[in-house]
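2 protein chains.
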Amino acid sequence: MSENKIPYKIYLEESEMPKAWYNVRADMKNKPAPLLNPGTHQPMTAEELEGVFCADLVAQELDNENAYIEIPQEIRDFYKMYRPSPLVRAYCLEEKLGTPAKIYYKFEGNNTSGSHKLNSAIAQAYYAKKQGLKGVTTETGAGQWGTALSMACSYFDLDCKVYMVKVSYEQKPFRREVMKVYGASVTPSPSMETEIGKKINAEHPGTTGSLGCAISEAVEVAVKNPGYRYVLGSVLNQVLLHQSVIGLETKAALDKYGIKADMIIGCAGGGSNLGGLISPFMGEKLRGEADYEIIAVEPASCPSFTRGVYAYDFCDTGMVCPLAKMYTLGCDFIPSANHAGGLRYHGMSPILSQLYDDGLMKAVSVEQTKVFEAAEQFARVEGILPAPESSHAIRVAIDEALKCKETGEEKTIVFGLTGTGYFDMVAYEKFHNGEMSDYIPTDEELAKYRAKLPKMD
Amino acid sequence: MSENKIPYKIYLEESEMPKAWYNVRADMKNKPAPLLNPGTHQPMTAEELEGVFCADLVAQELDNENAYIEIPQEIRDFYKMYRPSPLVRAYCLEEKLGTPAKIYYKFEGNNTSGSHKLNSAIAQAYYAKKQGLKGVTTETGAGQWGTALSMACSYFDLDCKVYMVKVSYEQKPFRREVMKVYGASVTPSPSMETEIGKKINAEHPGTTGSLGCAISEAVEVAVKNPGYRYVLGSVLNQVLLHQSVIGLETKAALDKYGIKADMIIGCAGGGSNLGGLISPFMGEKLRGEADYEIIAVEPASCPSFTRGVYAYDFCDTGMVCPLAKMYTLGCDFIPSANHAGGLRYHGMSPILSQLYDDGLMKAVSVEQTKVFEAAEQFARVEGILPAPESSHAIRVAIDEALKCKETGEEKTIVFGLTGTGYFDMVAYEKFHNGEMSDYIPTDEELAKYRAKLPKMD
């Protein structure tokens, strides 16, 4: 494989980086359903949303029309510090698998947050700064989003209050410390600083918290403190808009070398990575310009696409957030032990949910031990130690490449490698020691949570 | 800073990557002193060295004549998976400091080993494979080198036995797990598997080990097991040769944009990073083609350049390795608590020692808390969370840039950012909590170790 026409890593020039985000909603015939006020069940107005979110971000959230939204120069300057990210040709993996498939991955892990989350964090921090805010609040589970937001806030000199699920706060002290290096305050949730935190602590003494509870705390603090707003790292339309930078760079890199993708694969938790990666490809598909097989990969332990229902549901367990129409398992659903912290969310991006419902993409679920097998195989030949979340996409990319080996098809497979697993070594250790389990929820369990979905009449 | 002529990150094209390593010894008038047999005090012959090291690596170790040594295609292919590394213009740091200086850093942390160590690990693994060996042994302290070697051995399907200083094995379980993902066996040192390990355990029950002891164990295992050789991540001439890829890429990137460096700064433990970074610049200096101010930065707690002596000394505490002439603090020297695990070695590369003795470079020592202040400042504006080792270079780069602010000089400063600090969060936490100390050895202490240097008559 000495002298390949296609390099191992395709890096765009700085001048080739996207100058505008792509808003896939503009090309969708069936627009994603609007967020609803949980009390009135009426669509949330910009005014209502601006109590919680920054004004410019609310405008982006509600914009179903404009296909391109300019990336402000300040954000483009920050992007230049860690972007463009490489599109890597997985020559070594192809050789190891003996497949005729051509495998590419867009690697988003070359930054200290360790994932693609920084793409939206810096945008949200920028608009908060532009609005003259003092700071922002957010929740974090595994810590990737909290780390990304801490970095972004540090850059724009904004206060950053992170509510970290208590069990993660205690079990992932290093993530917590990284956030502190960037000047964020990190509070274990549920805390005694908020009304909802006090209530939950009183009702469930000794609870180790949940993402839904941390969201409710962060929203409460944002709403009660003048000069603060709440920001979120996934699910929302605005987040997928910012993350379109992943897909735009991927497409530009493929186009530069005249490569046509056949299949695009991404892991899906709330949808931030998958939505960003596929956006421009989905746009071509929606406009009838090209066709792609698009596959969302989710954990079998938290199968919102493959076993959830498409319905209005709460985004948080505290039920203070707007209702979103999405593929959901129910907002009380707690997935069993699953080390892919970024894929434990009960719902799915409204945009992706609509696209999936319209049959424009597929979804598969994979079991955790199979995911770690793929992760280790990938690490040993491609060098990069992948995040458990990203490894869901690796699993399916390998499976698809092996299918090509059987059929002889020379498919071009592109997958999103969202990040690195350096802070996930406890999970790798469990995998090695044979202590990792694959619990899949039963139909009865899922039905129980589904029964609690809000009644929409 | 919107439209800069110099991009934030300069990436060479794959075709511009070095095809040969540069051997600075070829241009040195005063060659580095040879390794000596510890028994006879005669220069080690190739035959003697081949009992411990791979044959091709011995040839490189002894080669003081050839300026360029071709990089085998297999190694160049591996390099393409994580190289070229970016040369980054620190626009944000410059702005924060308000300095007229232009600051660049060569960032070697974008790979799973987290540092530049992979550059030599893959070369050493390649030659071991080429020789038909079963595997290699090595020691590791903080774990960067062990991780890099594990990755390299996994790629070439070689067995990899790592002896990890016991205190690190226990305190850095994540590094250990990363090595296991890549299939290495990791043994806490001193172990009960070797004669030297048993002896040390008997003499010092409960000892938590030292790098010198781990070296002795790894060498013993390599010598006693057919099909195994010992490999080392720093100090040796061969390692500096492989690491010249850092400097060659740096120089090519600067040349591509017509930039002339005034000052080159690197942290120095055993010298692998500094030696590699400065090699081609030092070559120009030695040949009288250009001048550069070159600065080695070491911890005040382990000041081999600034307070050591230039003399023959043992490379390990077990005294089984050859003698090397180097700036040394004495092979029994144990530095006080110092979180830059990669800078705790008692000696310094013989090549760098000779260059320093010839007045071709300077050295400064810096205290740990000042280093972490610089690390945090850097992280907050440049995004990357630096390794404690690398942060020694950041400290001096910032100090020099601030001097430029006073004098108005527009110096071009280039420093080596050897790696990331993701596995060093315990140190960052201590820094934040005000629990970090700055112990500097007294003259009396240093004299005590110096008195034990081997007598060379």
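These protein sequences, in sequence, are chains U and R.
Residue numbers for the first sequence follow the numbering used here, beginning at 1 and rising by one.
Residue numbers for the second sequence follow the numbering used here, beginning at 458 and rising by one.
Cβ coordinates follow ideal geometry from the N, Cα and C atoms, glycine included.
All of these numbers come straight from a predicted model, not from anything done at the bench.
Where residue i falls, given that 16 or more other Cβ within 10 Å makes a residue buried
i	result
residue 852 of chain R	buried
residue 599 of chain R	buried
residue 359 of chain U	exposed
residue 499 of chain R	exposed
residue 1 of chain U	No answer about residue 1 of chain U holds up, because its pLDDT of 41 lies below 50 and its placement is not dependable.
residue 253 of chain U	buried
residue 800 of chain R	buried
residue 612 of chain R	buried
residue 170 of chain U	exposed
residue 56 of chain U	buried
residue 568 of chain R	buried
residue 3 of chain U	A caution first: residue 3 of chain U carries a pLDDT of 44, below 50, which makes its placement in the model unreliable, though a value can still be read off. Counting Cβ neighbours within 10 Å, residue 3 of chain U comes out exposed, since fewer than 16 surround it.
residue 387 of chain U	buried
residue 541 of chain R	buried
Presumed contact (8 Å Cβ cut-off) between residue i and residue j, rounded CB distance
i	j	result
residue 65 of chain U	residue 26 of chain U	6 Å
residue 544 of chain R	residue 707 of chain R	6 Å
residue 153 of chain U	residue 317 of chain U	In fact, because the Cβ distance is near 26 Å, the residues do not count as touching under 8 Å.
residue 686 of chain R	residue 510 of chain R	6 Å
residue 621 of chain R	residue 575 of chain R	Their Cβ separation, rounded to whole angstroms, is 18 Å, which puts residue 621 of chain R and residue 575 of chain R out of contact at 8 Å.
residue 897 of chain R	residue 558 of chain R	Going by Cβ atoms, the distance from residue 897 of chain R to residue 558 of chain R rounds to 28 Å, so no, they are not a contact pair.
residue 348 of chain U	residue 270 of chain U	7 Å
residue 74 of chain U	residue 19 of chain U	Not a contact, Cβ separation roughly 13 Å.
residue 385 of chain U	residue 420 of chain U	6 Å
residue 482 of chain U	residue 132 of chain U	Residue numbering for chain U in the displayed model covers 1 to 457; residue 482 of chain U lies beyond these limits and cannot be assessed.
residue 619 of chain R	residue 597 of chain R	5 Å
residue 762 of chain R	residue 495 of chain R	Incorrect: roughly 24 Å between the Cβ atoms, too far for contact.
residue 22 of chain U	residue 248 of chain U	6 Å
Contacts of residue i in chain U (Cβ-Cβ under 7 Å)
i	result
residue 703 of chain R	Per Cβ cutoff of 7 Å: no residues; residue 703 of chain R is ~17 Å from chain U at best.
residue 608 of chain R	383
residue 611 of chain R	380
Residue j beta carbon less than 9 Å from that of residue i
i	j	result
residue 401 of chain U	residue 416 of chain U	no
residue 431 of chain U	residue 175 of chain U	no
residue 913 of chain R	residue 769 of chain R	yes
residue 286 of chain U	residue 24 of chain U	yes
residue 282 of chain U	residue 635 of chain R	no
residue 369 of chain U	residue 443 of chain U	no
residue 780 of chain R	residue 764 of chain R	no
residue 604 of chain R	residue 571 of chain R	yes
residue 617 of chain R	residue 580 of chain R	no
residue 861 of chain R	residue 802 of chain R	no
residue 237 of chain U	residue 61 of chain U	yes
residue 679 of chain R	residue 796 of chain R	no
Partners in chain R for residue i, counting only beta-carbon separations shorter than 9 Å
i	result
residue 419 of chain U	Here the premise fails: no neighbours, minimum Cβ distance about 12 Å.
Residues near residue i by beta carbon distance below 8 Å, same chain, minus five either side
i	result
residue 750 of chain R	719, 720, 721, 819
residue 754 of chain R	722, 723, 724, 725, 820, 821, 822, 823, 849, 850, 852, 853
residue 89 of chain U	4, 6, 7, 8, 9, 10, 102, 103, 104
residue 454 of chain U	38, 312, 313, 314, 323
Distance cut-off 8 Å: residue i Cβ against heavy atoms of the ligand FAD
i	result
residue 276 of chain U	The ligand FAD is not part of the structure shown, which contains no ligands of any sort.
Interface residues of chain U facing residue i [CB-CB closer than 8 Å]
i	result
residue 707 of chain R	What residue 707 of chain R touches in chain U: nothing, since even the nearest Cβ is about 17 Å away.
residue 468 of chain R	11
Beta-carbon contacts of residue i that lie in its chain and below 6 Å, excluding the five residues immediately before and after
i	result
residue 673 of chain R	653, 773, 775, 777
residue 10 of chain U	87, 253
residue 47 of chain U	none
Where residue i meets chain R, residues with beta-carbon distance less than 7 Å
i	result
residue 111 of chain U	840
residue 181 of chain U	833, 836, 842, 885
Cβ neighbours of residue i in the same chain (closer than 7 Å, five flanking residues each side left out)
i	result
residue 550 of chain R	560, 835, 838, 839
residue 676 of chain R	509, 687, 777, 778
residue 120 of chain U	233, 239, 242, 243, 272
residue 637 of chain R	643
residue 470 of chain R	none
residue 30 of chain U	354, 358
residue 906 of chain R	786, 787, 789, 790
Per-residue contacts from residue i into chain U (C-beta, under 9 Å)
i	result
residue 762 of chain R	The premise fails here: residue 762 of chain R is roughly 29 Å from chain U at the closest Cβ pair, so nothing lies under 9 Å.
residue 783 of chain R	Result: empty, since nearest Cβ-Cβ is about 32 Å, beyond 9 Å.
Interface partners of residue i on chain R, CB under 8 Å
i	result
residue 28 of chain U	Ordered by position in chain R, no residue passes the 8 Å Cβ test against residue 28 of chain U, which lies about 33 Å from the chain.
residue 80 of chain U	464, 465, 466
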